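The block underneath contains the structure these notes are about, expressed in structure tokens.
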Amino acid sequence: MDTNRLSKTLTAALNQQMTNEAQNAQIYLAYASWATDKGYDGIANFLFRHAQEERNHMMKILEYILKRGAKVVVSPIPGPGPDPTSVNDCFEKIFKSEVENTGNIYNLVNMSMDEKDWATWNFMQWFVKEQTEEETLALDLLSKIKVAGGEKAGNDALYALDTDLKDTPDDATLAQDVSADNP
Ligand code: OFO
Numbered sequence: 001m002d003t004n005r006l007s008k009t010l011t012a013a014l015n016q017q018m019t020n021e022a023q024n025a026q027i028y029l030a031y032a033s034w035a036t037d038k039g040y041d042g043i044a045n046f047l048f049r050h051a052q053e054e055r056n057h058m059m060k061i062l063e064y065i066l067k068r069g070a071k072v073v074v075s076p077i078p079g080p081g082p083d084p085t086s087v088n089d090c091f092e093k094i095f096k097s098e099v100e101n102t103g104n105i106y107n108l109v110n111m112s113m114d115e116k117d118w119a120t121w122n123f124m125q126w127f128v129k130e131q132t133e134e135e136t137l138a139l140d141l142l143s144k145i146k147v148a149g150g151e152k153a154g155n156d157a158l159y160a161l162d163t164d165l166k167d168t169p170d171d172a173t174l175a176q177d178v179s180a181d182n183p
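If you read the sequence shown in this note's numbering, its first letter stands for residue 1, the second for the next number, and so on.
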């Protein structure tokens, strides 16, 4: 009796997404190590925490594949690419990789809709919301570095940013959670 509830195509795509999430964890780990090396301990703290979030995303997908009776394939993780050249570059790269990952998530949503696999479609909605949050967070980081002077940010501004990021919450407020009383 076949107990597998996932198509071959979706199984392959979900396995690929596991690797994408693992690669994102490596990117955050690499950038956190770079930030530590440069003396930006607050930024590093934020990035280390985020690396862990990406690993959790990978685990959620792994668990989902198994729970649907399909096969998990753990693949080699591509490298994180070159280190950032500045704090500004670091945040720009993070925003870019989050936007890319949103594209990967949307593809999975489209595929599950094409197959009318509503269980997978429903599962992926958590990731759609998460990506909106992560893009918002990355955009907030970019705004902060822009206010601090972007590529030209001086030591004082970078120090203030570094101190601020140490305590920055891991989640951003989404538009749907805002009210007129609480903008
Ligand atoms: Fe897995 O959320 Fe970022 O990419």
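Cβ coordinates follow ideal geometry from the N, Cα and C atoms, glycine included. Please read these numbers as outputs of a predicted model, since none were measured by experiment.
Would you say the beta carbon of residue i is closer than 7 Å to some non-hydrogen atom of ligand 1?
i	result
Gln16	no
Asp98	The question names Asp, yet the displayed sequence has Glu at residue 98. Checking every heavy atom of ligand 1 against the Cβ of Glu98, one is found closer than 7 Å.
Gln26	no
Gln131	yes
Asn101	yes
Ala21	It is Glu, not Ala, that sits at residue 21 in the sequence shown. Yes, the beta carbon of Glu21 sits closer than 7 Å to at least one heavy atom of ligand 1.
Glu54	yes
Glu134	yes
Quick check: what's the CA-CA separation for residue i versus residue j?
i	j	result
Thr19	Ile65	13 Å
Ala172	Asp2	42 Å
Glu151	Gln26	24 Å
Asp156	Lys144	14 Å
Ile105	Lys116	16 Å
Gly103	Lys71	24 Å
Ala22	Cys90	19 Å
Trp121	Gln52	25 Å
Thr163	Leu10	43 Å
Leu62	Met113	20 Å
Asn45	Leu165	8 Å
Lys60	Asp177	24 Å
Between the Cα of residue i and the Cα atoms of the options, which residue gives the shortest distance?
i	options	result
Gly81	Ile145, Ala30 and Val147	Ala30
Leu142	Ser86, Val73, Phe95 and Lys8	Phe95
Leu161	Asp140, Val178 and Gly69	Asp140
Asp37	Glu54, Lys8 and Asp83	Asp83
Arg5	Arg68, Phe48 and Asn56	Arg68
Pro78	Ser179, Trp126 and Gln17	Gln17
Using a 10 Å radius around the Cβ and a threshold of 16 neighbouring Cβ atoms, would you call residue i buried or exposed?
i	result
Met124	buried
Lys146	exposed
Val74	exposed
Met58	buried
Ala35	buried
Asn182	exposed
Could you check how far apart the C-beta atoms of residue i and residue j are, in whole angstroms? I think they sit under 8 Å.
i	j	result
Ala13	Met111	6 Å
Leu174	Glu133	6 Å
Val99	Leu158	In fact, because the Cβ distance is near 25 Å, the residues do not count as touching under 8 Å.
Asn24	Ser97	6 Å
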